[in-house]
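Heads up: the structure comes next, in structure tokens.
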Amino acid sequence: MYAIQYEITLPADYDMGIIRRRVADRGHLLDAHPGLGAKAYLVRERGEDGSPVNAYAPFYLWRTAEGMNGFLFGPGFRGLSADFGRPAVRHWLGAGLRHGTGRGPGRGTPATATRRLERLPEGADPAEAVEAALADLPDHPDLHTAAVAVDPDRWELLRFALWSGPVPDGTPGTRFRVLHLSRPELDRLPAGRHW
1 MYAIQYEITL PADYDMGIIR RRVADRGHLL DAHPGLGAKA YLVRERGEDG SPVNAYAPFY
61 LWRTAEGMNG FLFGPGFRGL SADFGRPAVR HWLGAGLRHG TGRGPGRGTP ATATRRLERL
121 PEGADPAEAV EAALADLPDH PDLHTAAVAV DPDRWELLRF ALWSGPVPDG TPGTRFRVLH
181 LSRPELDRLP AGRHW
């Protein structure tokens, strides 16, 4: 499993309706993309959920490297780059996944998401940090899907969660609204540890 995300920060007075229409018109195009576990079409809006910015920030869980490469070097990403400029794409190696126990995957589109990034301290054992993060995956009735991944260049730990309702109180991390979820192979991503 591979996780990637790019975040396009937009002007403070940007009409976020443009992004909503873009997703409504084009979001279905990845609903059957080979190798894609899931793509969450995420936005942040200035003044909502503590966000200081407007941003479009899709998040992907890839089942295969071939699927990821097909997207990044194909017409979809080319079109996004033509419209907004080519964004930097953050990427992480998947370490684990949990499907929700409440309304869970397959039971609708999640409404919100959280992303928590943590730099591993110098000298910290990455395997221990990953094991602790996997043991700490949320177990909440509104959890749709949660993932743990690692960027071994920055030694950064990623915790990402999709929620069927509002983000539960006290949940740390950057908050997003989900406009659409493409999930062609989400059920083929096995739960638990992936490495």
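Quick note on numbering: the UniProt record's numbering labels position 144 of the sequence shown as 144, and the sequence is numbered without any gaps. Every residue, glycine too, gets a C-beta built ideally from N, C-alpha and C.
Taking the DSSP output, what are the residues bridged to W92? Looking at the DSSP output, W92 sits in a beta bridge with A3.
Express the C-alpha separation of I18 and R98 in angstroms, rounding to a whole number. 33 Å
Rounded to whole angstroms, what is the Cα-Cα separation between R172 and Y6? For the sequence presented, residue 172 should be read as Pro rather than Arg. So the alpha carbons of these two residues sit roughly 20 Å apart.
Who are the near neighbours of R103 in its chain, counting only those whose CB is closer than 8 Å to its CB and skipping five residues on each side? Low confidence applies to R103: its pLDDT is 49, below 50, so where it sits in the model is not reliable, and the reading given next is rough at best. Hits under 8 Å: P141, D142, H144 and S164.
Per DSSP, L162 forms a beta bridge with which residues? According to DSSP, L162 shares a beta bridge with A113 and T145.
Note down the Cα distance separating M1 from T112, rounded to an integer number of angstroms. 22 Å
Classify P110: buried if its beta carbon has 16 or more other beta carbons within 10 angstroms, exposed otherwise. buried
Among H91, T174, L137 and D187, whose alpha-carbon lies nearest the alpha-carbon of V43? Of the listed residues, the one whose Cα sits closest to V43 is T174.
Is G70 closer than 8 Å to G35 when the C-beta atoms are compared? yes
With H, G and I counted as helix, E and B as strand and the rest as coil, what does DSSP make of A32? coil
Return the CA-CA distance between I8 and G85, expressed in angstroms with no decimal places. 9 Å
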